[in-house]
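K.L.:
One structure follows; several queries about it will come next.
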Amino acid sequence: MKSELEKIPGVGPNMAAHLHALGFDTAESLRGQDPQALYQRDCARCGGILDRCVLYVYRCAVYFAETPIPEPEKCKWWNWKDKPNQKEDAC
Numbered sequence: 012m013k014s015e016l017e018k019i020p021g022v023g024p025n026m027a028a029h030l031h032a033l034g035f036d037t038a039e040s041l042r043g044q045d046p047q048a049l050y051q052r053d054c055a056r057c058g059g060i061l062d063r064c065v066l067y068v069y070r071c072a073v074y075f076a077e078t079p080i081p082e083p084e085k086c087k088w089w090n091w092k093d094k095p096n097q098k099e100d101a102c
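Residue numbers (our numbering): 12 to 102.
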């Protein structure tokens, strides 16, 4: 049976475990969270830089949690990749 977090598009057992380790158990608990801050906390927790797709999943998950009727295309984590000219701090 899927966990509550696995009901979020793009979140499978591995990403659900990451979110659980950060203290989240439901989609609702992600409301108001900063995906970049989640990514940085997760990098620190794991002791190194995680793949950027982890950040993209966090962006998608927070969007899904905060949006009453999410757009289908925005529920695909790969649509949350950095834009070519967008630079964000790594961990």
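For every residue, glycine included, the Cβ atom is placed at its ideal position computed from N, Cα and C.
Determine the contact status of A27 and L41, defining contact as a CB-CB distance below 9 angstroms.
P.N.:
No, the pair does not count as a contact, with Cβ atoms beyond the cut-off.
K.L.:
Apart from the five residues just before and just after L30, which ones in its own chain have a Cβ nearer than 6 angstroms to its Cβ?
P.N.:
Around L30: L16.
K.L.:
Does DSSP put R52 in a helix, a strand or coil?
P.N.:
Reduced to three states, the DSSP call for R52 is helix.
K.L.:
If you draw a straight line from the C-alpha of D62 to the C-alpha of D36, how long is it?
P.N.:
Using only the alpha carbons, I get a separation of about 22 angstroms.
K.L.:
For R42, report the span of its alpha helix (DSSP H) as first-last.
P.N.:
From DSSP, R42 is part of no alpha helix (DSSP H); its letter is neither H nor E.
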